[in-house]
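Report on the structure given below.
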Amino acid sequence: MPRSFVKRKIVLLGDASVGKTSLIRRFVLDRFSDEYIVTLGAKVTKKDLRFEFGPRVVDLSLLIWDVLGQKGYKSLHEGAFFEAKGVLLVHDLTRPETRESLENYWMDRVRAINGPIPGVIVGNKVDLVPSRTEAQEEVDAVARRFGTRGFLSSAKTGENVQEAFMTLGRAVLEASGIVDEAARASATRPAR
Amino acid sequence: MVSPEVAEAALVAVVGIILFEGLFLGYVTYRIYRGAQLEQEAKAARAKAEAEAERPTLIEDVFLLHRSGLLLKHYTRRLRPNVDSDVLSGMLVAVQDFIKDSFRGERGHLNEIRFGEIRIVVLEGKWTILAAVVRGTSPYNIQPEMATALGELESKYEDPLADWDGTMEQMADVETIMSGLVEGRYHGPPSITLKPATVVTR
Chain A
1 MPRSFVKRKI VLLGDASVGK TSLIRRFVLD RFSDEYIVTL GAKVTKKDLR FEFGPRVVDL
61 SLLIWDVLGQ KGYKSLHEGA FFEAKGVLLV HDLTRPETRE SLENYWMDRV RAINGPIPGV
121 IVGNKVDLVP SRTEAQEEVD AVARRFGTRG FLSSAKTGEN VQEAFMTLGR AVLEASGIVD
181 EAARASATRP AR
Chain B
1001 MVSPEVAEAA LVAVVGIILF EGLFLGYVTY RIYRGAQLEQ EAKAARAKAE AEAERPTLIE
1061 DVFLLHRSGL LLKHYTRRLR PNVDSDVLSG MLVAVQDFIK DSFRGERGHL NEIRFGEIRI
1121 VVLEGKWTIL AAVVRGTSPY NIQPEMATAL GELESKYEDP LADWDGTMEQ MADVETIMSG
1181 LVEGRYHGPP SITLKPATVV TR
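Those sequence lines, one after another, are chains A and B.
According to our numbering, the first sequence is numbered sequentially starting from 1.
According to our numbering, the second sequence is numbered sequentially starting from 1001.
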């Protein structure tokens, strides 16, 4: 079975306290804590994933940059966006202003530096919303505007956390041309 | 016969003299002991300083990073099983950027981090960042060697570095250059002078 190893950088963006760090913690360590700890600067975490595209196996080493959500840190944000091959745009479903911020601030910043790159929209804290239907409509609307997929997720319960990261990982591989069209057509679900 | 008053006065005088002599002897003994102790401490400090001055600066690790924070190559003299070099590389770049934001307006670069006995000496090139974990008293002596190695590397691999595809396939000689730096092959006057990050474009 042909195998290849790829290392890629992705970045999580969104306003402060939308749950970026918690999502990474859930994805990488499968843990959650209610304690809020502000991310100072940026924190880099690594997760190794395996994808199978038909007969081809791709080992993806994902370097996940968790960047502080406060606006105005130009060098830090530009440094984090630089050569990032994918972006997870996170907003808090209980605070509509964080969704507006995704559209009006974060996506513009990323595109200005990286051009169009694969992205996934994540509406976090779905366990706290009164109406899942409304939340789903909201996330779908944002995802449509960015031409990508959107997920309702909860770092607390773990809902859709794995799915969001794996979808982004797959999109990153597809965009980088590592997976050819034929293999992509016969792609199976990720092995882990 | 001696009157009781005289005997008592003589006794008090004798006891006083004994006490005084005791205190005096104690003080003299303490001075001698303290003097010896101070001399011993000074000797130990001198010996340590002499040993450190003689000890060569040793490169323990070299990290060659792409400016994105992704690790290109890592060389180490000792294994640290709990340290992920990919994560460490990313954090080195993130810390640099955070410092630049926090002290915006100040001219300069974060070119050294000290932690205990080790120093991380950082040199920024146009496409890459070279970070050396150094143990020794004069880590800045390493900088000209690092500049020479980095200059050679960037001029040799300018094309693949400018549009890096995430692999090392087009940069076969990086290993030779980096091991040359660790082994001291670039020791001597620098042939190429690198300007720090002023040349960087993102």
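Even glycine gets a Cβ: it sits at the ideal position worked out from N, Cα and C.
All figures in this text were calculated on a predicted structure; none of them were measured in a lab.
Along the chain, which unbroken stretches of the beta strand (DSSP E) at least 3 residues long are found entirely within the segment 65 to 112 of chain A?
86 to 92
Alpha carbon of B/L1023 to alpha carbon of B/E1039, nearest angstrom:
The residue you call residue 1023 of chain B lines up with position 23 of the second sequence. The residue you call residue 1039 of chain B lines up with position 39 of the second sequence. C-alpha separation (whole angstroms): 24 Å.
Using the three-state DSSP reduction, which class does B/Y1075 fall into: helix, strand or coil?
Your numbering for residue 1075 of chain B matches position 75 in the second sequence. Strand, per DSSP.
Going along the segment 1069 to 1102 of chain B in order, which residues come within less than 7 Å of chain A, judged by CB to CB distance?
G1069, L1070, D1084, D1086, V1087, G1090, M1091, V1093, A1094, V1095, D1097, F1098, K1100 and D1101
Rounded to the nearest angstrom, how far is the Cβ of A/V90 from that of A/G19, given a contact under 8 Å?
Within the first sequence, the letter at position 90 stands for residue 90 of chain A. Within the first sequence, the letter at position 19 stands for residue 19 of chain A. Their Cβ separation, rounded to whole angstroms, is 6 Å, which keeps A/V90 and A/G19 in contact under 8 Å.
Residues that A/K46 contacts on chain B, provided the C-beta gap is smaller than 8 Å:
Here residue 46 of chain A corresponds to residue number 46 of the first sequence, with the count starting at 1. Near A/K46 (Cβ distances below 8 Å), the residues of chain B are D1084, D1086 and V1087.
Separation of B/G1069 from B/T1167, as counted between CA atoms
Taking the first residue of the second sequence as 1, we reach residue 1167 of chain B at position 167. Taking the first residue of the second sequence as 1, we reach residue 1069 of chain B at position 69. Going from the Cα of B/T1167 to the Cα of B/G1069 covers about 14 Å.
Which of helix, strand or coil does DSSP assign to B/A1132?
Taking the first residue of the second sequence as position 1, residue 1132 of chain B is located at position 132. Looking at B/A1132 - three-state DSSP - the assignment turns out to be strand.
CB of A/K9 within 8 Å of CB of A/E83, strictly
Here the question's residue 9 of chain A lines up with position 9 in the first sequence. Here the question's residue 83 of chain A lines up with position 83 in the first sequence. The answer is yes: Cβ separation under 8 Å.
Could you compute how far the alpha carbon of A/T148 sits from the alpha carbon of B/E1117?
To locate residue 148 of chain A, count along the first sequence from 1; it is residue 148. To locate residue 1117 of chain B, count along the second sequence from 1; it is residue 117. Computed Cα separation, rounded: 49 Å.
Rounded to a whole number of angstroms, what is the C-alpha to C-alpha distance between B/M1178 and B/L1130?
Numbered from its first residue, the second sequence carries residue 1178 of chain B at position 178. Numbered from its first residue, the second sequence carries residue 1130 of chain B at position 130. Straight-line Cα distance between these residues: approximately 10 Å.
B/M1171 versus B/E1152: straight-line alpha-carbon distance, rounded
Taking the second sequence and counting its residues from 1, the one referred to as residue 1171 of chain B is at position 171. Taking the second sequence and counting its residues from 1, the one referred to as residue 1152 of chain B is at position 152. Roughly 12 Å separates the two Cα atoms.
Beta-carbon of B/R1067 versus every beta-carbon of chain A: anything under 8 Å?
Against the second sequence, residue 1067 of chain B aligns to sequence position 67. Output row for B/R1067: interface = yes.
Consult DSSP for A/T133 and reduce its assignment to one of helix, strand or coil.
Within the first sequence, the letter at position 133 stands for residue 133 of chain A. Three-state DSSP puts A/T133 in a helix.
Using the C-alpha atoms, what's the distance from B/Y1027 back to B/A1013?
Numbered from its first residue, the second sequence carries residue 1013 of chain B at position 13. Numbered from its first residue, the second sequence carries residue 1027 of chain B at position 27. Near 21 Å, if we compare the C-alpha coordinates of B/Y1027 and B/A1013.
List the DSSP bridge partners of A/K20.
For the purposes of this step, residue 20 of chain A is identified with residue 20 of the first sequence, where counting begins at 1. According to DSSP, A/K20 bridges with nothing at all.
For chain B, check one thing: does any of its Cβ atoms lie closer than 8 Å to the Cβ of A/Y73?
The sequence position of residue 73 of chain A within the first sequence is 73, counting from 1. Closer than 8 Å: yes.
So for B/V1083, helix, strand or coil by DSSP?
Numbered from its first residue, the second sequence carries residue 1083 of chain B at position 83. In this structure, B/V1083 counts as coil in the three-state DSSP scheme.
With 16 other CB atoms within 10 Å as the buried threshold, where does A/P118 fall?
As a working mapping, residue 118 of chain A is identified with position 118 in the first sequence. A/P118 is buried by the Cβ-count criterion.
Rank A/D140, A/R111 and A/R170 by C-alpha distance to the C-alpha of A/G123 and give the top, closest one.
Looking up residue 123 of chain A in the first sequence gives position 123. Nearest option by C-alpha distance: A/D140.
Closer than 8 Å to chain B by CB, A/S131
Position 131 of the first sequence, counting from 1, holds the residue named residue 131 of chain A. So, not an interface residue.
Under 6 Å Cβ to Cβ from B/V1174, same chain only, skipping five residues before and after it: list those, please.
Counting from 1 along the second sequence, the entry for residue 1174 of chain B is found at position 174. So the qualifying residues of the chain are K1073.
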